[in-house]
Structures are given as structure tokens and as C-alpha cells.
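Below: the structure, in C-alpha cells.
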Amino acid sequence: MTTILLVEDNELNRDMLTRRLERKGYRILAAEDGQAGVELAAEAKPDLILMDLSLPVLDGWEATRRLKASPDTMHIPIIALTAHAMAEDERKAYNAGCDDFDTKPVMMERLLGKIQAALQA
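Structure (C-alpha cells):
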């Protein structure tokens, strides 16, 4: 079963995405802040990470940089999932190491397409 790590501080978003992705057959791990996300990714080695960018403790940009700098987690595709929808935010996400970028509110079919593409890359 494909495992996705969801790094999201908003409980409602985390719960909604977890339920919807589980219904699609994914196993979901969740972290509420960037530091917890980095630690859980290193421990669990998920197949893909959905990374919010505005996170407490350690923001998503820095969490992504740390994950992509580590030999243990650098291969894991990371999709930025954020309400920051400006072109500069997207550029910053790619510069931090994100493999793809999607915006909130989540359009589930679009996100599922990006997940599938990242897993097949």
C-alpha cells in the first residue's frame, strides 16, 4: 500500500484530506508541524509527502530543504500543498526542493493526478 505523509497544521484540512485519500486506497501518516514532518519522514520513509508551507515550529520550505538534503529522504517526492498561490510562492517551493505544487482549497481530482504523476516519476 502506498504511504503518503501529510504535513498539515490545520486539523480540519488534515482530517478531510486523510479521509479522502484513505478512500482512494492510500495509507496516510500525519504531522502537525514541519519538524515533526521531517522526523516522521526520516523514520517512516513514505512514498510521497504532501507539504503545507505555512507551518509552526519549522515552515514547509525549510522542512523540504532538510528532507531533500538528507540521503535518507531526498528521493521522496514532495508536493507543496498551500494557500500561498502567488507565482513567487510557487517559485520558492520549487527552489526549496518541492517536486510539484498545488493550491488550497484542494481540488481533489487535480491533486490525485499530481500524486499519481509524482509516484510514477
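Counting with the numbering used here, you get residues 103 to 223 for the letters of the sequence shown. By construction, the Cβ of each residue, glycine as well, lies at the ideal position given by its N, Cα and C atoms.
In this chain, the alpha helix (DSSP H) harbouring Ile217 covers Met210 to Gln222.
Contact between the region 157 to 168 and the region 124 to 136 is present: 3 or more CB-CB pairs across the two stretches fall below 8 Å. A distance below 8 Å between beta-carbons, with the five flanking residues on each side excluded, links Ser172 to the following residues of its chain, in chain order: Ala144. In this structure the region 111 to 130 lies against the region 201 to 219, because at least three pairs of beta carbons, one per stretch, are closer than 8 Å.
In this structure, the straight-line span from the alpha carbon of Ile178 to that of Leu150 is close to 6 Å. Annotated as distal: Ala220 and Leu155, with beta-carbon spacing of 8 Å or more. In chain order, Ala144 place their CB closer than 6 Å to the CB of Asp174, counting only its own chain and leaving out the 5 sequence neighbours on each side. Excluding its 5 nearest sequence neighbours in each direction, Ala187 has C-beta neighbours in its own chain below 7 Å: Thr205, listed in chain order.
At the C-beta level, Val109 and Met176 stay beyond 8 Å of one another.
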